[in-house]
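In the order they appear, the protein sequences are chains S and R. Going by the numbering used here, the first residue of the first sequence is number 16, and it counts up by one from there. Going by the numbering used here, the first residue of the second sequence is number 7, and it counts up by one from there. The block underneath contains the structure these notes are about, expressed in structure tokens.
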Amino acid sequence: MGLLSDPNRRQALSRIITRLNAPLCVISYLIGVCWFLGLAFQPFTLRTYISENSMGSTMVDEKFINGDRALSYAREFAAHKKSAGGSPVAWLERTMRGIGLEVYTQSFVRNLPFPDEATERFMVKGTNVYGILRAPRAASTESLVLSVPCSEGQNNNQAVGLLLSLASYFRGQIYWAKDIIFLVNEHDLIGMEAWLEGYHDVNVTEIKSSVMMGRAGAIQAALSLEISSDVITSFDVVVEGLNGQLPNLDMVNLFLAFCQKNQLLCTIQGKLQRNDFDTFPGYIHNLQTMMLMVLKQGSARPQGDHGLFLRYHIEAITLRGINSFRQYKYDMVTIGQTIEGMFRKLNNLSERLHQSYFFYLLPSLSRFVSIGIYMPAIGFIILILILRSLDLWIKLSRTEVVTEDGAGDVEQDPRPSILSLATPIVICHATGLSLYYIPVISQEMATDHFPVSESEAVVLIAIAIYVAGLALPHNTHRALTGAGSDQGWMTLKLISLLYLAVQLGCIAVINFSLGFILAVTIVPVAAVVQPGSAKLLYALLLALVTPATTLLGSIFLYRELIEYPVTFLECWQIFLQAIAGGMLDHYLYGSLLFPFIALFVYPCWLQLWNVVFWK
Amino acid sequence: MAAVWAVVVCAVLVTGVSGTAGDSFQEELLLTPLRSGDIAATFQFRTRLDSDLRREKVSHYRLFPKVLGQVISQYSIQELHLFFTQGFWRTRSWGQPLLQAPAGAELWVWFQDSVTDVDKNWKELTNILSGIFCASLNFIDSTNTVTPTASFKPLGLANVTDHHLLRYATLPREIVCTENLTPWKKLLPCGSKVGLASLLEAERLYYSSYHSQSVHIRPICRDPDCSKVSWELRQSLTVVFDMYTNGQGKRDWSLFKMFARTVTEPCPLATQSKIYVDSSGYDKELDLFEVTPPSYLEEQVPVHGDQRIYTVYDLLKPGFFNTSRNLNVALRWKGSSADSGQPRPPVFHAERYVSGYGLQTGVINTMIYNNHPYRAFPVMILETVPWYLRLYVHTLTIITKGKENKPSYIHYVPAKDRQRPHLLEMLIQLPPNSITKISIQFERALLKWTEYPPDPNHGFYISPSVLSVLIPSVKNLKTNKLEESSLFSTLFPSSDGSSYFMRLYTEPLLVNLPTPDFSMPYNVICLTCTVVAVGYGSFYNLLTRTFQVEDSKQGGLAKKIANLIRRLRGVPPL
């Protein structure tokens with residue numbers, strides 16, 4: 016390790032970094048992007064397998080046959096739902112008690128911070144009904160959950176029917192070692208959040224709910240079911256949860272194993288698996304599937320009711336029954352047997368699911384990319400920031416050396432004072448804070464003065480603050496000493512780059528997709544920006560990679576990938592909805608995306624903007 | 007036949023008076039239809055040893071099992087209570103139990119005041135019992151043993167109430183199965199060959215929702231004036247059969263359906279052999295079910311503050327088995343099994359759960375319900391929490407009806423790491439018609455990596471809390487004398503009819519501790535070695551090296567070559 020102690024070699028190293036900086040950065044970026052694109056290439060991925068021993072060795076023998084009963088329950092439920100104009104609580108209670116479950120209800124109230132226009136919700140009131148099947152000879156220390164959202168209209172009636180029919184079948188079996196909770200939650204995610212908070216007796220969001228009476232120990236795993244037709248052609252499995260959390264891969268493997276056993280067609284991201292993985296179209300197909308997962312995970316939004324379980328370390332997936340125009344249909348018996356099989360396997364678990372991966376990407380249902388393989392992709396991109404900041408640091412320290420042992424009269428290039436650097440940083444963060452707080456606080460004022468609805472007001476205020484931030488800071492440092500020097504902007508840029516590297520590194524560990532989307536856009540521009548003659552070009556580039564533009568681009572890409580392309584105007588509408596949705600996710604379920612962007616990424620990006628307009 | 011019995015009884019009496027061992031054995035079965043439609047069967051076997059194990063050296067055992075008699079005299083036991091339970095008594099839907107036990111194994115023992123080293127005796131006793139009952143009672147050690155001050159009182163004749171002579175431990179993880187049942191059955195004088203014990207077939211007993219077997223040993227009065235002391239061994243076994251899994255949704259029951267056997271004869275050694283069927287129902291005005299064969303013997307017994315009517319079958323009644331060869335008690339519900347709405351909750355019940363998420367902290371919550379319409383009553387709570395959950399005692403809150411409820415008695419012994427558990431005992435007054443919530447925060451400790459069990463991700467069990475309570479009766483009842491009433495009502499005799507004693511247990515809890523990935527040590531070793539080698543090595547190098555300005559004339563071979571190349575390139579040499 017003479018590298019650190021030998022000044023000559025250190026100098027050689029620093030010379031390499033400064034001289035070859037640009038090519039190194041370009042190579043690093045290219046490697047990062049290619050690495051990411053390579054993840055979807057079949058030979059580079061691993062085949063999925065069930066790691067958990069207690070679920071793997073033997074297949075259980077499913078005997079569920081009450082498919083007709085499920086459909087008759089579904090029709091009855093639909094009729095009662097229609098007459099009750101919401102969840103038919105009394106009927107559900109009566110039916111579940113008749114089946115032999117211990118039935119409890121939980122009512123909840125949630126006032127949204129501003130009206131949700133996508134789902135037309137503002138003051139939400141609902142009741143969750145759940146029945147507990149007590150396992151014989153177990154002391155209610157562990158449980159499993161089967162949940163079905165009670166949706167508006169004709170949706171999910173069949174899922175409720177299947178839930179009841181499964182419950183009555185399960186009740187007659189002796190082999191249960193864990194209690195099973197059958198939950199019908201109203202107002203989908205809000206009801207689920209209320210139930211989970213009630214069950215765990217915590218108050219993460221501002222939801223108000225009644226005291227919960229019946230519990231069944233520590234929940235080990237959960238399954239959320241959505242079926243809206245009497246027969247289905249395929250099952251879609253949804254894994255992405257709140258803040259990009261994923262369930263243990265064994266949950267997905269378990270589902271895949273039973274799909275294969277019952278010869279059920281199963282998809283992920285709505286995409287079937289292809290066999291021609293070695294051809295180019297096969298690769299593109301895998302890449303599309305993976306990109307969809309990355310975009311969904313990056314949105315930090317729970318993609319199904321299961322997404323909220325993950326915070327409580329409960330492994331959960333959502334299964335969505337799809338009824339398309341395919342020839343071959345599956346009836347309730349096959350679906351019921353699949354779920355029965357999964358529950359019996361989960362019942363056999365002696366420990367929580369922990370053997371398999373928690374961090375992965377799925378280019379297809381039977382192939383996965385683990386964290387060890389995908390992390391280098393973002394590592395190479397963050398490396399650019401490190402290289403650039405090293406370069407800046409070396410340049411800064413060199414000018415210092417020059418000024419120290421130079422003629423001594425080089426006073427026109429003094430070190431920038433702390434004040435001149437602190438001011439833009441503080442202003443950028445203050446803008447971030449106002450972006451986080453003001454839209455919701457001042458919505459009433461806005462609706463008083465402008466002809467907009469509350470929801471529009473919140474989104475428009477947010478956009479206004481976002482844009483206003485661009486105009487604010489870049490004239491503040493003129494009066495301060497040394498502000499006009501190169502050292503000033505270089506130090507600010509150095510700080511910004513390191514700050515960005517830390518942010519991206521942290522978020523990539525929690526939510527790789529979000530980190531990668533941000534990194535692949537912001538990093539190259541952040542690396543090149545500097546004040547000077549080309550500052551208008553740099554400003555344009557920066558504006559193109561701001562998180563808001565990235566969101567717009569992601570929406571566009573997402574609609575392209577699901578083969579449902581949009582025009583720019585529609586895209587803008589969805590963009591506005593997505594902003595409101597992102598903020599609501601934060602207030603309703605505790606999603607971290609909005610505060611992360613508003614309080615960290617946006618201020619950091621503003622600092623770079625500041626660098627461009629440094630005078 | 008009657009003459010023979012008279013002679014036997016006389017002989018027993020005579021030997022009893024003359025001071026040699028004169029024992030007796032009583033057996034009974036109680037069938038209780040529960041309010042949920044399930045049925046509970048409680049067996050009670052009582053063996054009495056008419057000599058004092060404390061004073062005299064007993065060498066001749068007739069009905070009383072010798073193995074237990076020897077253990078009692080060897081370890082100077084005053085009283086012993088041992089439970090093995092699989093499942094959990096659902097107080098909310100089944101009503102109040104006659105004798106509840108916590109899931110797993112529970113053992114509490116009072117030692118005689120002559121014992122000097124209680125802990126040593128306790129340690130040896132648990133190991134002996136572990137062998138006798140084929141259970142993991144040897145896992146009882148100082149980390150799960152406590153000495154409660156107020157929750158447990160001696161149930162038999164006792165002149166000692168110094169709680170230092172008491173030891174209490176539970177093993178919530180213990181799995182109870184046939185290997186525990188067989189030695190338990192062997193303690194019976196008739197074994198499982200004849201009598202009511204012949205119904206105890208393991209396969210059927212474990213095909214149920216709840217199974218609990220217990221052993222109670224205590225000294226009792228031999229005669230009403232209590233001049234002499236006898237020892238009583240009471241073995242009881244409770245099973246709850248589930249109507250859904252066994253009866254295909256039908257609620258009708260018979261002995262054959264439950265046990266796959268019928269009763270053919272009483273145990274010939276028994277002085278009492280009876281079957282009771284609780285025929286009082288839950289709503290007095292409705293005659294819900296009928297019991298066959300009809301018996302005209304009915305008995306009123308006060309149980310849990312309620313006067314209950316029992317149909318009695320006396321198997322020892324001469325000529326009982328003459329009319330039919332066997333007895334198959336059956337119970338037929340008259341009404342349809344219509345939905346009866348939410349079952350009315352019992353007067354007193356409790357539940358416990360862990361709240362919070364994440365692996366750092368959590369809260370243990372206990373909810374206690376007093377559904378008595380107008381009477382308040384106190385409850386004594388005993389919480390035993392293992393040392394690896396560090397309780398924050400300052401966060402203990404007791405809230406009733408939105409107001410803080412101050413306990414009138416509190417006893418807390420903090421845990422010592424790897425030595426003893428937390429013990430928290432509190433006396434709390436429960437106002438009528440109220441829910442009391444007791445919550446206390448804890449932090450999860452990080453265990454040493456060898457201390458984890460083979461299945462660390464399963465979680466760690468916390469033993470149930472024990473709620474001892476004196477519940478005021480809804481009706482004022484007069485209790486009979488100890489010996490005359492039926493066996494199941496005599497274990498906790500209440501002093502007067504205005505209230506009755508009950509002990510309830512909450513569910514055990516399963517808590518996950520932060521668990522390392524056990525495949526990691528290898529990676530950790532590799533990583534640590536690398537970090538030490540690279541980091542420490544270079545730092546050490548920097549710190550110990552003395553730096554000098556190098557004379558550029560001198561140089562190694564590498565420098566010469568470098569200079570050669572530089573000259574070729576036309577760059578000034580180093």
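Note that CB positions come from ideal geometry on N, CA and C, so glycine has one too. Treat the numbers as computed from the prediction; the structure is a model and nothing was measured.
With a cut-off of 8 Å, does the C-beta of residue i fall near any C-beta of chain S?
i	result
R:Ser220	no
R:Glu389	no
R:Phe94	yes
R:Ala109	yes
R:Asp258	no
R:Tyr398	no
R:Arg417	Here residue 417 of chain R turns out to be His, not Arg, going by the sequence shown. No, R:His417 does not count as interfacial toward chain S.
R:Tyr363	yes
R:Asp345	Model confidence at R:Asp345 stands at a pLDDT of 49, short of 50, so the residue's coordinates are unreliable; what they give is reported in the following sentence. Closer than 8 Å to some Cβ of chain S, the Cβ of R:Asp345 qualifies, so yes.
R:Asn371	yes
R:Tyr213	yes
R:His355	no
Just checking: is the beta-carbon of residue i within a distance shorter than 8 Å of some beta-carbon in chain R?
i	result
S:Tyr327	yes
S:Asp420	Below a pLDDT of 50, predicted positions are generally treated as unreliable, and S:Asp420, at 48, falls in that range; no measurement from the model is reported.
S:Glu321	Sequence check: residue 321 of chain S is His here, not Glu. Cβ-Cβ to chain R under 8 Å: no for S:His321.
S:Thr63	no
S:Asp216	yes
S:Glu366	yes
S:Gly187	yes
S:Ala233	yes
S:Gly530	no
S:Gly605	no
S:Gly596	no
S:Glu208	no
S:His95	no
Can you have a look at residue i and say buried or exposed, based on whether 16 or more other CB atoms are within 10 angstroms of its CB?
i	result
R:Asp523	exposed
R:Cys273	buried
S:Asp406	buried
S:Glu330	buried
R:Met7	Any answer about R:Met7 is weak, because its pLDDT of 42 lies below 50 and its placement is not dependable; what the coordinates show is given next. Label assigned to R:Met7: exposed.
R:Ile405	exposed
R:Ser414	exposed
S:Asp194	buried
Write down the C-beta distance between residue i and residue j rounded to the nearest angstrom, noting that I regard them as a contact closer than 8 Å.
i	j	result
S:Ile393	S:Gly530	6 Å
S:Leu402	S:Leu39	6 Å
R:Phe90	R:Val182	4 Å
S:Leu614	S:Tyr514	In fact, because the Cβ distance is near 12 Å, the residues do not count as touching under 8 Å.
R:Gln278	R:Glu85	At roughly 23 Å, the Cβ-Cβ gap does not stay under 8 Å, so R:Gln278 and R:Glu85 are not in contact.
>> My parser needs the beta strand (DSSP E) runs of 3 or more residues fully inside the segment 98-151 of chain S; what are they?
In response: With a minimum length of 3 residues, the continuous beta strand (DSSP E) runs that stay inside the segment 98-151 of chain S are 117-131, 136-148.
>> So within the segment 320-389 of chain R, which uninterrupted alpha helix (DSSP H) runs reach at least 4 residues, ignoring any that extend past its ends?
In response: Taken in chain order, the whole alpha helix (DSSP H) runs of length 4 or more contained in the segment 320-389 of chain R are 326-329.
> Of the residues that make up the segment 135-169 of chain S, which ones have a beta carbon closer than 8 Å to any beta carbon in chain R?
Replying inline: Answer in chain order: Arg149, Pro151, Arg152, Ala153, Ala154, Ser155, Thr156, Glu157.
> Where are the beta strand (DSSP E) runs, 3 residues long or more, that stay fully inside the segment 183-256 of chain R, in chain order?
Replying inline: As summarised for the segment 183-256 of chain R, the continuous beta strand (DSSP E) elements at least 3 residues long and confined to that stretch are 216-227, 235-247, given in chain order.
> Just by C-beta distance, which residues in the segment 65-89 of chain S are closer than 7 Å to chain R?
Replying inline: Here the close residues number zero.
> Which residues, in order along the segment 223-250 of chain R, keep a beta-carbon less than 7 Å from a beta-carbon of chain S?
Replying inline: Against chain S - using a Cβ distance shorter than 7 Å - the residues of the segment 223-250 of chain R are Asp248, Tyr250.
>> Along the segment 452-471 of chain R, where does the CB come closer than 9 Å to a CB of chain S? Name the residues.
In response: The residues in question are Asp461, Pro462, Asn463, His464, Gly465, Tyr467, Pro470.
> Taking Cβ-Cβ distances below 9 Å as the criterion, which residues of the segment 503-530 of chain R are in contact with chain S?
Replying inline: So the list reads Glu513, Pro514, Leu515, Leu516, Val517, Asn518, Thr521, Asp523, given in the order they occur along the chain.
> Of all the residues that make up the segment 220-231 of chain S, which are near chain C by a beta-carbon distance shorter than 7 Å?
Replying inline: Here the protein chains are S and R, and chain C is not one of them.
> Going along the chain, which residues of the segment 110-136 of chain S sit with their C-beta nearer than 8 Å to a C-beta in chain R?
Replying inline: Cβ contacts with chain R: Arg112, Gly113, Gly115, Glu117, Val118.
>> Can you pull out the residues from the segment 361-393 of chain S whose beta carbon lies closer than 8 Å to at least one beta carbon of chain R?
In response: Taking a C-beta cut-off of 8 Å against chain R, the contacting residues of the segment 361-393 of chain S are Ser365, Glu366, Arg367, His369, listed in chain order.
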